[in-house]
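Worksheet for the structure shown next.
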Amino acid sequence: MNVLGVDIGGSGIKSATVDVLDGAVTSERLRSPTPQPSTPDAVLATIEALVTQHEWSGDVGITIPGVVVSGVVHTAANIDDAWIGLDAQRMFSSALGRHVAVINDADAAGVAEVRFGAGRNITGTVLLLTFGTGIGSALVHDGVLVPNTELGHLEFRGDIAERYAAGRLVKSENNPIDWWARRVNELLAYIEVLLSPRLIIIGGGISKRFDEFKDDLTTDAGLLAAELGNNAGIVGAALAANKDAP
Ligand code: BGC
């Protein structure tokens with residue numbers, strides 16, 4: 000069964016259809032720049048255009064880079080404030096005229112990695128952290144997601160964690176990767192005290208450079224790079240919309 004997964008990121012909105020039984024991407028992957036300002040209306044128009052380009056009439060799963068509870072967006076650190084309080088699930092379903100599920104972006108990536116990627120067959124506590132514009136987190140225990148953990152917003156070193164150690168500090172602000180990795184290592188040590196995960200999966204754009212920084216990370220947890228790369232959010236979005244999910 001196929002579902003269209005849509006991943007709303009700080010710079011791009013990506014989409015593809017996904018076979019929810021094996022996590023395979025089954026269409027061309029499309030990408031449109033995230034509108035600026037990233038208001039709900041502008042993002043909806045971009046998603047409508049992507050759905051049309053895919054010639055897709057089936058169900059859709061959409062990630063949001065903020066807390067999502069029962070389809071309602073509660074925070075918007077890296078998207079327009081107009082999302083806060085909006086029932087995004089209802090907006091997308093009525094505009095697209097079909098079943099739509101909405102899920103936090105990191106939660107989507109975490110579920111996808113645990114089902115089909117670096118965390119498959121791992122029991123116990125698995126934590127995925129995405130390092131991009133912000134820091135996203137997905138906490139999964141024995142395959143079950145605890146949604147909206149938002150560890151990127153933990154207070155840390157006098158600020159919030161994502162301002163201290165987001166991937167953006169390397170990508171957009173040109174800091175050296177080992178400088179950034181030392182900061183990530185401090186953050187992982189703190190998170191380990193809180194959650195003692197068995198496995199930490201590093202996702203986000205910077206995970207492509209995992210080999211360059213993995214030796215700087217001294218956590219006792221297992222440590223792996225995300226395997227689904229840029230597709231993790233898309234795959235997790237599609238899984239969230241799968242009405243036949245076990
Ligand atoms: C948001 C999270 C999101 C993360 C990654 C954070 O600023 O609060 O909800 O998962 O960025 O996009």
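Numbers 0 to 245, taken from numbering that gives the first Met the number 0, label the letters of the sequence shown in order.
All residues carry an ideal CB built from backbone N, CA and C; glycine is no exception.
Beta-carbon spacing of residue i, residue j below 9 Å
i      : j      : result
Gly133 : Lys170 : no
Ile200 : Gly109 : yes
Glu226 : Glu54  : no
Arg197 : Val125 : yes
Lys194 : Leu128 : According to the sequence displayed, residue 194 carries Leu and not Lys. Taking 9 Å as the Cβ cut-off, Leu194 and Leu128 do not qualify as a contacting pair.
Ala15  : Val59  : no
Val262 : Leu238 : In the structure as shown, the chain starts at 0 and stops at 245, and residue 262 therefore has no counterpart that could be examined.
Thr62  : Ile121 : no
Val183 : Asp210 : no
Leu85  : Val68  : no
Phe91  : Val234 : no
Ile141 : Gly118 : In the sequence under discussion, the amino acid at residue 141 is Asp, which differs from the Ile named in the question. No. Outside cutoff.
Ala224 : Lys207 : yes
Gly22  : Ala76  : no
Residue i: CB within 8 Å of a non-hydrogen atom of ligand 3
i      : result
Ser136 : No copy of ligand 3 occurs in the structure displayed; its ligands are ligand 1 alone.
Whole-angstrom C-beta distance between residue j and residue i, which should lie under 8 Å
i      : j      : result
Ser136 : Ala105 : 5 Å
Ile46  : Arg30  : Not quite, the Cβ-Cβ distance comes to about 12 Å (not below 8 Å), so this is no contact.
Ile159 : Leu168 : Incorrect: roughly 13 Å between the Cβ atoms, too far for contact.
Pro39  : Ala107 : That pair is no contact at about 19 Å.
Ala157 : Gly203 : In the sequence under discussion, the amino acid at residue 157 is Gly, which differs from the Ala named in the question. 23 Å between Cβ atoms; not a contact.
Asp177 : Phe212 : 7 Å
Val24  : Asn230 : 6 Å
Ile78  : Ser26  : Ile78 to Ser26, Cβ: 25 Å. No contact.
Val5   : Asn241 : Val5 to Asn241, Cβ: 14 Å. No contact.
Contact set for residue i: own chain, Cβ-Cβ below 7 Å, skip 5 residues either direction
i      : result
Thr74  : Gly65, Val66, Ile83
Glu191 : Thr218, Asp219, Ala220
Gln52  : Leu29
Ala236 : Gly4, Val5, Asp6, Gly60, Ile61, Thr62, Ile102, Ala107
Beta-carbon proximity list for residue i, same chain, < 8 Å, skipping 5 on both sides
i     : result
Ser10 : Pro32, Thr33, Thr132
Ala94 : Leu43, Glu47
Arg97 : Ser56, Gly57, Asp58, Val59
Ala87 : Pro39, Ile61, Ile63, Val67, Gly70, Val71, Val72, Val101
Residues near residue i by beta carbon distance below 6 Å, same chain, minus five either side
i      : result
Thr148 : Ser136, Leu138
Ala188 : none
CB contact check: residue i to chain B, cutoff 9 Å
i      : result
Arg162 : In the structure shown, chain B cannot be found, because there is only a single protein chain.
Could you give the uninterrupted runs of the alpha helix (DSSP H) lying entirely in the segment 71 to 104, keeping only those of 4 residues or more? Assignment of alpha helix (DSSP H) within the segment 71 to 104, counting only whole runs of 4 or more residues, yields 87 to 95 in chain order.
What are the complete beta strand (DSSP E) segments, minimum 3 residues, inside the segment 138 to 173? Runs of the beta strand (DSSP E) inside the segment 138 to 173: 143 to 145.
My parser needs the alpha helix (DSSP H) runs of 4 or more residues fully inside the segment 204 to 243; what are they? With a minimum length of 4 residues, the continuous alpha helix (DSSP H) runs that stay inside the segment 204 to 243 are 209 to 212, 231 to 239.
Identify every run of the alpha helix (DSSP H) within the segment 31 to 76, keeping only runs that are complete inside it and at least 4 residues long; order them along the chain. Listed in chain order, they are 39 to 52.
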